[in-house]
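Novice: Residue numbers (our numbering), protein chains in the order written: chain A, 1 to 282; chain B, 1 to 282; chain C, 1 to 282; chain D, 1 to 282; chain E, 1 to 282; chain F, 1 to 282.
A virtual CB, placed ideally from N, CA and C, is assigned to each residue, including glycine.
Could you have a look at this structure, given as structure tokens, before my questions?
Number of protein chains: 6
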Amino acid sequence: MSAFDPPAPIVRRLVAAALAEDLGLLGDITTEACVDPDRTATAAFVTRVAGTVAGTALATETFRRFGPAVRVEWSVADGDDVAAGAELGRVHGPLRAILTGERTALNFLSHCSGIATLTRAYVRAVGGGARVLDTRKTTPGLRAIEKAAVRAGGGHNHRESLSDAVLVKDNHLSALGPAAAVARARALWPGRMVEVECETLDQVAEAVAAGADRVMVDNMDPDGVRAAVALVAGRAEVEVSGGVTLATVADYAATGADFVSVGALTHSAPILDIGLDIVDEG
Amino acid sequence: MSAFDPPAPIVRRLVAAALAEDLGLLGDITTEACVDPDRTATAAFVTRVAGTVAGTALATETFRRFGPAVRVEWSVADGDDVAAGAELGRVHGPLRAILTGERTALNFLSHCSGIATLTRAYVRAVGGGARVLDTRKTTPGLRAIEKAAVRAGGGHNHRESLSDAVLVKDNHLSALGPAAAVARARALWPGRMVEVECETLDQVAEAVAAGADRVMVDNMDPDGVRAAVALVAGRAEVEVSGGVTLATVADYAATGADFVSVGALTHSAPILDIGLDIVDEG
Amino acid sequence: MSAFDPPAPIVRRLVAAALAEDLGLLGDITTEACVDPDRTATAAFVTRVAGTVAGTALATETFRRFGPAVRVEWSVADGDDVAAGAELGRVHGPLRAILTGERTALNFLSHCSGIATLTRAYVRAVGGGARVLDTRKTTPGLRAIEKAAVRAGGGHNHRESLSDAVLVKDNHLSALGPAAAVARARALWPGRMVEVECETLDQVAEAVAAGADRVMVDNMDPDGVRAAVALVAGRAEVEVSGGVTLATVADYAATGADFVSVGALTHSAPILDIGLDIVDEG
Amino acid sequence: MSAFDPPAPIVRRLVAAALAEDLGLLGDITTEACVDPDRTATAAFVTRVAGTVAGTALATETFRRFGPAVRVEWSVADGDDVAAGAELGRVHGPLRAILTGERTALNFLSHCSGIATLTRAYVRAVGGGARVLDTRKTTPGLRAIEKAAVRAGGGHNHRESLSDAVLVKDNHLSALGPAAAVARARALWPGRMVEVECETLDQVAEAVAAGADRVMVDNMDPDGVRAAVALVAGRAEVEVSGGVTLATVADYAATGADFVSVGALTHSAPILDIGLDIVDEG
Amino acid sequence: MSAFDPPAPIVRRLVAAALAEDLGLLGDITTEACVDPDRTATAAFVTRVAGTVAGTALATETFRRFGPAVRVEWSVADGDDVAAGAELGRVHGPLRAILTGERTALNFLSHCSGIATLTRAYVRAVGGGARVLDTRKTTPGLRAIEKAAVRAGGGHNHRESLSDAVLVKDNHLSALGPAAAVARARALWPGRMVEVECETLDQVAEAVAAGADRVMVDNMDPDGVRAAVALVAGRAEVEVSGGVTLATVADYAATGADFVSVGALTHSAPILDIGLDIVDEG
Amino acid sequence: MSAFDPPAPIVRRLVAAALAEDLGLLGDITTEACVDPDRTATAAFVTRVAGTVAGTALATETFRRFGPAVRVEWSVADGDDVAAGAELGRVHGPLRAILTGERTALNFLSHCSGIATLTRAYVRAVGGGARVLDTRKTTPGLRAIEKAAVRAGGGHNHRESLSDAVLVKDNHLSALGPAAAVARARALWPGRMVEVECETLDQVAEAVAAGADRVMVDNMDPDGVRAAVALVAGRAEVEVSGGVTLATVADYAATGADFVSVGALTHSAPILDIGLDIVDEG
């Protein structure tokens, strides 16, 4: 178990579903037609471009399901930066298993590494100070592995789900003001962070006065955020959200905010291009 | 059932899993703390940028699971192009249900619409002639809805899984030449398309002579593809694969190839940014 | 949706599994042998002893699965105190469905109401001031509905799972002191409560100095807790844990601690005895 | 496989679900933050109070899922009586796995052992003669492991589900008398025990005359049961049900009845308090 | 709920799995390409040969999953004998749904009706006296619906699974004689039928003396069975098993045995040929 | 992985479900009552009649789930013809596991071998030339293993599901003629075989002119098929369907048709009778 692994039961469930999806009812008919069951091979996971690795546990589990004759060994770990052309690890075993599992293993590995790579880019752009957070804007069903990939990239995880923190948005309020909202949340759900989304400085002031643990300043420019940070004056954490890009994140981070949350980490990261090259046959 | 809907059993299964993932063990604790169960509202799905819609069946199913008091109506259909700021449809019902289901519905809708939008961009760039295909480089577990989104964008689906077509790649061959591979595939699996991946014109010639239904010319430049098309001379379909981008796809399409397959459609499409705006409360 | 309902996807999943468990492969062979399919009836959920109600959503869902001819109506809601002999609600429909679903509905309702009733007893014994918390000592697979029952009884939920809060226990430390543990937890997992289990006042002092959000004073007597509360002096929350009973909880609550956590709420609550009495046939 | 093990497919399914429930989407964040992945330890399952053991297969399976580096060895078996402070067995392996699996393993073990302990108390109180039976009043979804725990405690299992025996209750009759009910049940379901619930001696007489295999005398006092036993005169088995407690069970057993069924065994048994103590680290 | 319906949770689960299996990842591509979504139709289930109907609940559930626009109505019920060319019922709704669901509905209906038809043939051949039983030789995963089909055909169900009755076979004995086996089974599992498989009259005598509820005379000829029945003399039930065919079953039934069990009912019944004919379009 | 194995994820899922079905909630109560846990044995799979083997992977997986103490070794492979009384393989391990898993393993093995045996009979009757195809008339939920058994018998697989090939039937047409149907299918679903069902020679001519890959001549006599083959003249494949029996298949194959599809292979094959005989104990 690495610190960046998703929970093992989820890894098992997702890999089983992905393999079933790719095998269909008949299995890998190309491999069965063309590849002798006795052939063995060694193949290397190789990056086509530079990036940050994540998802190795998913690739390992993919090949593990083909039985003990297939062995996977990694020369890097989740969270490592790798150059283009780097060898990440190797799989050795029956060629049939390697070819049949290849796409599923790569789909997981390149998806997770893509998220880690984009996260790392944001973390680097920030350069310390603020921390980079993900959001609940994840690919449906894959939240656990995407949030693990964010951690591998050096980001941190915001809420896991609707049930582990309170995040009061505009639509939750209407009749209820932020003070009442925070009070009710605290009364019902002790031990959970209470965060309030704010679009104006007045709202920030009100949320902090209400005792929020964190204010989310939404869609403000860096000057606005700086003013919010000043207003909060350490009484709560400040999270910047909305419209942050790689081009602007450094400016936002320089405001003194504690967190910058970026939905794109999980909803719009391109994959990291990784291939599986046969390096030896026999 | 629209022509662009994924199979209903898959829609149901994915939505159930996504809602369970987002609700955790305690449910939407913010909404329960802050929103009166008697409040109702109407909210509109609104695009923040222009694009092509897909995934409405998933958003509908998300809200359907909150009971008959929640109604979803669409003013667009999967496959429609929409401008920035366009209203796609509305959901009406208890405010609690709208707020609790919002993120799951949007995660599906914006993911699928992102794929449809990118597909449409490729289809437009091609401008007729060649057809745009997806690949098996899909997000694990989501292949059915991603392939439906490709169709909504005007693309077509390549293999569903390893079991519905034969695609002979370099690694399948070694001892076996393409002629033997095609013959064995035909003998074992009648009624399936047999495609052979080729990296040289010699391989193309050999694959066509072997009777392949289609050749995949991999990582050739447009001139190479044009030569392959000439060589094939209508005896098989020609599919261009590898390294095709929005910038180069028109050049590839102009070669006379029948298909251009683009992994990025499903592995690297950014979402289409869509929000759910409360338009009426009471 | 009541504030005390478990998440709907979990309700659906647990009820489906429980009915399948009770029906076996042949179904309700007694009812099929003895009861005419045309008979209808009305039956009332009636308590045999006084208590607090929880789990009505599970009983409703049980009968909902027998089709629209079966209707359930409640005259009480989760969280209500009821006297012995009180009628909680009624189910009307085909007698076969009522008899076949009876045991599953009652098993859920009486299990959840038992937890709510015991929780209410603790809450009453405390009499305000400290809040009563549950633990992760729940029946495997039933945590969501048991934590909902604790809420119905007036208690509050501690951690949902291992992933939504940090609780540093003795076994986590050894080489690492509490200060380092809290720092590492904060660095890795912003936005989560960090709690430290303490068995001595020295540990309490150390944990508070380390910046813990809460200290769990474990297996201390009330005087020890009082000393801990004085020592903490409002810099953190104080949770009493271990060996708290209905007889001692008031003494612990009087110490000024913020929370008393009681594993017995979910691991040792006897059911609330509830029956389903036919009140009308025809 | 011990005679008291639940079926292995159910053990696997329940443990997988319980671990997934406890790990959430992020996993054991405390352990990941605080515990070095290289540390190993040995921990002992130790009872805090005396009782009867059950559920060891579930605890074994819990740790088995953390991989072959974790080994569990038991010094007792299901069904053994143990003193307070007794060591039941040990788990050895990575400290992370031990701490992460601890609560799930203990929740199963202490729940099952609680049922076995209460069952053993009833069996001892009876002192031979009558046999102690469980009921269908089990925790939803856990019937198989609860019935195994009853067996470990020396009790016996009544019906597995609605489909393996006929039990005619008052509500099944109305138009139909017991004679007709028994006849129809025998005709439709040969090979299943047919039992009839009786609240009066007249009903007992009628049920026996109808050829029931067993009569359930419900809510009678011991004298009533004794009269029923005399009336039955060996022509059927007699089962006492309803309102039997540890205080009264000996009186009921002394009536000559064959069985005493006790819902409390599974619906109201407190857990047996068991801990997992680190005994060695390295 | 008819008396011949399998348990509803199993019907739902099997139909959902079967539809998912048949729809694949892309759905019914023929219907989507060729059939206008607005077309509606009425189609009739029609037998091609005479037989006995079973499985209507599965066909109904198949079409129910296409939404409320599809309605199924039956003019026969499970258990009815029908002539060749008989109309069993009709489905009305969108033509797309009818064509897409057709094969799944028919696969269930014709499989179950095939079992009911073969069962009915055995029941008729017996002509009263002995009852016809199924076995555990069922199609894996489909036992519940196959046993329901046997009931529809007029047969009865033997054991549901390994857990609801004791059936001692030769391989269970060796060291243990039948008397000890029966005694141990009775001691451990009260309330379950105890049956002993016998291949000689000596074994029959021993089993009856041991108090078995039923003896299974295995692979004896009718005279052997008759001798066994005489030997048993009403002290136990007698079941004939092994090698019974439609040609021989009457002879076996005439021996005075109580039951004839026939594995072929579920493991070798050909389907009943049923089609779905469009009778009206528009 | 043999060429005749079904996909491993499906093997695992089906075996797990079948074992759970057969074990019920209590497990194998006969074996637990009668068989000492320390006994081991060797048992042989033995055919009672001659046939063709299929499904060994399912039997292996069945026993694999009882732990590493159980070993299965095969002396034949899927696709082998075997005589009556042939030993197919052996299982060695705890006698309890052998007896408990026996029925599930045999149910799979004899079901699949029955399909392979019937397929082999058709393939032999054809004697070369035409190839024998299965259909979608499979047992619900078991399509993958039944199609693997057809391959083991020497047949070939038709469509996997509704989503991997286009098969235009009469009911798809009405307004649309075959030419339009083929064109629309080709436009929407490139790379899939397009087949058209034809009941007259005129329809055959029309389908071939429309460019169908294959025509299915349905319910024609051999002379009609011969005429169709002549008419098609190699421009498409010809598949004979409907009413083909072992008695007539040679005549149909002699027509020059490419394929004969036979629903009975999967919907009406009797099992191949296989037993598991204890050959050694100790």
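Given that a residue counts as buried once 16 or more other Cβ atoms are within 10 Å of its Cβ, and exposed if not, what is Ala-187/F?
Specialist: So Ala-187/F counts as exposed.
Novice: Pick out whichever of Ser-161/C, Arg-235/C and Glu-237/C has its Cα sitting closest to the Cα of Pro-7/A.
Specialist: Of the listed residues, the one whose Cα sits closest to Pro-7/A is Ser-161/C.
Novice: Since Ser-161/D meets chain F, which of its residues come closer than 7 Å, beta carbon to beta carbon?
Specialist: Chain F residues near Ser-161/D: Leu-25.
Novice: Which residues of chain D have a Cβ atom closer than 8 Å to the Cβ of Lys-147/A, listed in chain order?
Specialist: Residues of chain D passing the Cβ test: Leu-25 and Leu-26.
Novice: Closer than 7 Å by beta-carbon distance: list the chain C residues that pair up with Ala-43/B, in chain order.
Specialist: Result: empty, since nearest Cβ-Cβ is about 17 Å, beyond 7 Å.
Novice: If we count Cβ pairs, one from each stretch, closer than 8 Å, do we get three or more for the region 45 to 63 of chain F versus the region 136 to 156 of chain F?
Specialist: Segments in contact, yes.
Novice: What are the residues in the region 107 to 118 of chain D lying within 9 Å of chain C by C-beta distance?
Specialist: Of all residues in the region 107 to 118 of chain D, Asn-107, Phe-108, Ser-110, His-111 and Gly-114 have a Cβ within less than 9 Å of some Cβ in chain C.
Novice: In the DSSP output, what is Val-260/D paired with across the bridge?
Specialist: Val-132/D and Val-240/D, per the DSSP bridge assignment.
Novice: Is it buried or exposed, Pro-37/E, if we count other Cβ atoms within 10 angstroms and call 16 or more buried?
Specialist: Pro-37/E comes out exposed.
Novice: Asn-157/B versus chain E: which residues are under 8 Å apart at the beta carbon?
Specialist: The answer, in chain order, is Leu-26.
Novice: According to DSSP, is Val-35/D helix, strand or coil?
Specialist: If DSSP states are grouped into helix, strand and coil, Val-35/D belongs with coil.
Novice: I'd like to check one pair, Val-15/E with Arg-48/E: are the Cβ atoms closer than 8 Å?
Specialist: No, Cβ-Cβ distance for Arg-48/E and Val-15/E is not below 8 Å.
Novice: Note down, in chain order, every chain C residue with its Cβ under 7 Å from the Cβ of Leu-19/B.
Specialist: Ordered by position in chain C, the residues that pass the 7 Å Cβ test against Leu-19/B are Pro-9.
Novice: At least one CB of chain C closer than 8 Å to the CB of Glu-32/B: is that the case?
Specialist: Taking Cβ atoms only, chain C reaches closer than 8 Å to Glu-32/B, which makes this a yes.
Novice: Report back the beta-carbon spacing between Ala-83/B and Val-279/B to the nearest angstrom; my notes put them in contact at under 8 Å.
Specialist: Their Cβ separation, rounded to whole angstroms, is 18 Å, which puts Ala-83/B and Val-279/B out of contact at 8 Å.
Novice: Which chain D residues are close to Arg-143/A, counting only those with a beta carbon under 7 Å from its beta carbon?
Specialist: By Cβ distance, chain D contributes Leu-25.
Novice: Between which residues of its own chain and Ala-54/F is the CB-CB distance below 6 Å, once the five residues before and five after are set aside?
Specialist: Cβ neighbours of Ala-54/F beyond the five flanking positions: Asp-78, Cys-112, Ser-113, Ala-116, Ala-149 and Ala-152.
Novice: Which residues share a DSSP beta bridge with Met-216/A?
Specialist: In the DSSP output, where bridge partners are listed per residue, Met-216/A has Glu-197/A and Glu-239/A.
Novice: For the structure I just gave you, are there three or more beta carbon pairs, one from the region 264 to 271 of chain D and one from the region 23 to 32 of chain E, closer than 8 Å?
Specialist: No: the two stretches stay apart, fewer than three of their Cβ pairs being nearer than 8 Å.
Novice: With a threshold of 8 Å between beta carbons, is Ala-165/C in contact with chain A?
Specialist: It does; some Cβ of chain A falls within 8 Å.
Novice: Any idea what DSSP makes of Gly-79/E, helix, strand or coil?
Specialist: Of the three classes helix, strand and coil, the one that applies to Gly-79/E here is coil, per DSSP.
Novice: Compute the Euclidean distance between the alpha carbons of Val-182/F and Leu-133/B, then round it to the nearest angstrom.
Specialist: Using only the alpha carbons, I get a separation of about 20 Å.
Novice: What residues in the region 118 to 136 of chain A have a beta carbon less than 8 Å from any beta carbon of chain C?
Specialist: Those residues of the region 118 to 136 of chain A that come within reach of chain C (Cβ to Cβ, closer than 8 Å) are Arg-131 and Leu-133.
Novice: According to a CB-to-CB cut-off of less than 9 Å, which residues of the region 83 to 103 of chain B neighbour chain A?
Specialist: Listed by position along the chain: Leu-95, Ile-98, Leu-99, Thr-100, Glu-102 and Arg-103.
Novice: Go through its chain and collect everything with a Cβ distance to Arg-39/D's Cβ below 6 Å, but skip five positions before and after it.
Specialist: Hits under 6 Å: Leu-95.
Novice: Does Ala-41/C pass the burial test, meaning 16 or more other C-beta atoms within 10 Å, or should it be called exposed?
Specialist: Ala-41/C comes out buried.
Novice: Who are Trp-74/E's beta bridge partners in DSSP?
Specialist: Partner(s): Gly-89/E.
Novice: For Arg-159/B, count neighbouring Cβ atoms within 10 angstroms of its own Cβ and tell me buried if that reaches 16, exposed if not.
Specialist: Classification of Arg-159/B: buried, given that the 10 Å Cβ count is 16 or more.
Novice: What ranges does the alpha helix (DSSP H) occupy inside the region 108 to 163 of chain B, keeping only unbroken runs of at least 4 residues that lie completely in it?
Specialist: Counting whole runs of 4 or more residues, the region 108 to 163 of chain B contains the alpha helix (DSSP H) stretches 143 to 152.
Novice: Please report the straight-line C-alpha distance between Glu-87/A and Glu-73/A, rounded to a whole angstrom.
Specialist: Cα-Cα distance, rounded: 11 Å.
Novice: Would Ala-121/D and Leu-272/D qualify as a contact pair, given that the criterion is a beta-carbon distance under 8 Å?
Specialist: Not a contact, by the Cβ cut-off of 8 Å.
Novice: What does Ala-254/A touch in chain F if you count any residue whose Cβ is under 7 Å from its own?
Specialist: Chain F residues near Ala-254/A: none, gap ~50 Å exceeds 7 Å.
Novice: In whole angstroms, give me the CA-to-CA distance for Ile-10/C and Ala-3/A.
Specialist: For Ile-10/C and Ala-3/A, the distance between alpha carbons rounds to 29 Å.
Novice: Starting from the beta carbon of Gly-211/C, find every residue of chain A whose beta carbon is closer than 9 Å, and list them in chain order.
Specialist: Those within 9 Å of Gly-211/C in chain A number zero; the least Cβ separation is about 14 Å.
Novice: Please go through the region 21 to 70 of chain D and give each complete alpha helix (DSSP H) segment of 4 or more residues, from N-terminal end onward.
Specialist: Fully enclosed alpha helix (DSSP H) runs of 4 or longer: 29 to 34 and 56 to 64.
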